[in-house]
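Notes for the one structure printed next.
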Amino acid sequence: MGKLKSYQKQFQTLLDKGIDNAEIRHKRMVTRPFDFAEKLEKEAKSYSFKSVRQAHNQYAKSLYSSLRTLNERANGYAADLIARIDKEAAAAGAKSGNSKQPAKKTSTRRSTTAKKTASSQSSRGTASTSTASA
Numbered sequence: 013m014g015k016l017k018s019y020q021k022q023f024q025t026l027l028d029k030g031i032d033n034a035e036i037r038h039k040r041m042v043t044r045p046f047d048f049a050e051k052l053e054k055e056a057k058s059y060s061f062k063s064v065r066q067a068h069n070q071y072a073k074s075l076y077s078s079l080r081t082l083n084e085r086a087n088g089y090a091a092d093l094i095a096r097i098d099k100e101a102a103a104a105g106a107k108s109g110n111s112k113q114p115a116k117k118t119s120t121r122r123s124t125t126a127k128k129t130a131s132s133q134s135s136r137g138t139a140s141t142s143t144a145s146a
């Protein structure tokens, strides 16, 4: 029983030290933001809302302009990379002799002709007989 009491006291001491350490760290951590907020509050009284808004708008414009430039650069890089991959794939396809054969155009011509015939006859009012035969 004495060992369990000893372990319980050690555990309690460990928890107390952990809580004290967490409290000290928390106080240190929040000191900076509160100091900054107090300083900002003092300095903000000397600025008008209009000047703060202008500064905000200027910074925001600069930020979004920079982001758009970054996006354009990334887009250009991606396009170059895709073009290079396509070129390498085409070269690899040419080396292996696997050339793509063109699709049959007869079925495409029939469906296009049928559509043209159907649309021209539907404008005349006789589409039902020609579409059934096509």
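Take 13 as the starting number for the sequence shown in the numbering used here and just add one per residue. Cβ coordinates follow ideal geometry from the N, Cα and C atoms, glycine included. Quick caveat: nothing in here was measured; it's all calculated off a predicted structure.
The C-alpha of S108 is placed about 26 Å away from the C-alpha of A91.
In the three-state DSSP reduction, S78 falls in the helix class (H, G or I).
Spanning the alpha carbons of A106 and E100 requires a straight line of approximately 10 Å. Residue state for G105 is assigned as helix, using DSSP reduced to three classes.
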